[in-house]
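Following UniProt numbering, the numbering of the sequence shown begins with 1 at its first residue and continues without gaps.
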Amino acid sequence: MPSVPADLVHIGSYTAKAGPELAITAWRQDPRTGRLAPAHAPVAAVDPSWLAWHPDGTHLYAASESAAQVLSYAVTADGLRLLGAQPSGGADPCHLAVDPRGRFVVAANYSGGSVSVFAIGADGALLPYHQLVAHEGSGPDAERQESPHAHMALLAPDGLLYVTDLGTDEVRSYAVGPDGLRHVATSPLIAGMGPRHLAFHPSGVVFVAGELDSTVVVCAAADGRLRPVSSVPATVGEPGERNYPSHLECSPDGRFLYLANRGADCLTVFAVEDGTLCPVADVPTGRWPRHFALIGDFLYVADQDGDTVTVFRRDPVTGLPEPTGETVAVPNPSCVVSAPSGV
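Have a look at this one:
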C-alpha cells in the first residue's frame, strides 16, 4: 500500500455534543500558509480522544475513550477504513504509543489506572491485548487522585516506555520486549502535582506537566528513573485558579518548550537554557486548549470548548507562535496529528 501524502492531518473530536459522525476528520495542510482544507469525508467513532500513526504511514489508531476501545484504521486514498476495534482492558483509554518498528501499540487507560499492550497484525489491525499492567496507589487530592490514572504512554529515544500517572504522582518506566512490558522503575514526583503529559528534550532532560498544581517539573533522567530538579509555574502571568496544563512539546531544535493551559486559555512559551526553563510569553488561544501539534512551520491548537483548531505560525528565532488568522471549525477537538515524515 503506498504511503499517504505528507500534508495529511487528522483531528479527533469528543462526540457528546455533535454526535459520532464527525469524530475523526481529515485535512490537507498548505505548507505555505498553514491553512487546512478538507481531504476526506469524516469518520464516525465514539470520543476518539487520541490518535496515533503507524510508522508506515498507512495505518491510524484511535483511543475511543468512553467506549473503552482502541480502533484500527487503514489510511487509503479515499480516507479511513475501519479494520477493527479491540477492548482496551480498562476504562477511558486516553493516550496511545505506537512502537516505531510497527510491532505493538500501548494504551493508557485513565479511569482503569492501567496500560494495555496490543500486537499489530500483518494487516495493520490490532490483535486483542496480550498484557494488562495495573497501577496501584493514590494521591493527596481526594477528588482527582482517589486511584491510579494512567494518562500518557510515551516511548523515549532510549526505547523505554514512560507512563505518567495523574492519580499517584508518579512516572513509571517499562522495558519493552517480545513478551510485553517489564517494569523498570517508579519515580515519585511532587505530591499533588498530577502528572499528565511529559516531553523529552534532546539533552536528556524530561519535562512533566502538572495538571493539578499548574506547574512544569524539570527532571533529570537516568536508567528509567526521573528525579525532579526544579519546578516552574505553568504560565508567565500571575497564577490564579488551576490552569489545568494539558499537552507540552519541545521545538524540533530543543530551544523552546510549549505548554497548553486550559484554565488560562493560552499557550505558554519557555526558552530552554542548559536544561532549565525561562518563561517567555503567554499566547492567547481559543477556549480550553486540550492539545496542539507542531507541523512544519505551524502550530495547531485544538480548542476543545471553542469548537475550533487555531493556526499559528511559529517564529523559529523568538519561539513565539503568531496567529495566522486561520481557524478550522471542528466540534470539541481533542487531538491533532500529522502523517509521519519520511515514509
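Here a beta-carbon is modelled for each residue, glycine too, at the ideal position from N, C-alpha and C.
- Under the three-state reduction of DSSP output, residue 20 falls in the helix class.
- Taking C-beta atoms as the reference points, residue 311 and residue 11 fail to come closer than 8 angstroms.
- By the criterion of a C-beta distance shorter than 6 angstroms, residue 176 is surrounded in its chain by 161, once the five residues flanking it on both sides are discounted.
- In chain order, 312, 313 and 315 place their CB closer than 7 angstroms to the CB of residue 322, counting only its own chain and leaving out the 5 sequence neighbours on each side.
- The count of Cβ pairs closer than 8 angstroms, one atom from the stretch 109-121 and one from the stretch 138-145, stays below three, leaving the stretches out of contact.
- In the pairwise beta carbon analysis, the stretch 53-62 is classified as not touching the stretch 26-37: fewer than three pairs are separated by under 8 angstroms.
- For residue 243, no pairing in a beta bridge is given by DSSP.
- A check of alpha carbon separations from residue 17 across 154, 304, 327 and 335 identifies 304 as the nearest.
- When DSSP assignments are scanned along the stretch 227-304, the uninterrupted stretches of beta strand (DSSP E) that are 3 or more residues long and fall wholly within it turn out to be 245-250, 256-261, 266-273, 276-284, 289-295 and 298-303.
- Per the C-alpha coordinates, the member of 80, 297, 191 and 244 positioned closest to residue 234 is 244.
- In this model, residue 207 and residue 214 are separated by some 13 angstroms (Cα to Cα).
- Counting only residues of its own chain and dropping the five nearest sequence neighbours on each side, residue 134 has a CB closer than 6 angstroms to the CB of 114.
- In the three-state DSSP reduction, residue 190 falls in the coil class, being neither helix nor strand.
- At the C-beta level, residue 217 and residue 202 stay beyond 8 angstroms of one another.
- For residue 173, the CB contacts under 6 angstroms within the same chain, skipping 5 residues up- and downstream, are 160, 162, 184, 185 and 224 in chain order.
- A straight line joining the alpha-carbon of residue 253 with that of residue 41 spans about 35 angstroms.
- With respect to the 8 angstroms criterion, residue 272 and residue 258 are not classified as neighbours on the basis of their beta carbons.
- Comparing C-alpha distances from residue 107 to each of 146, 74 and 63 shows the shortest one belongs to 63.
- In the three-state reduction of the DSSP assignment, residue 332 falls in the coil class.
- No Cβ-Cβ contact shorter than 8 angstroms links residue 297 with residue 331.
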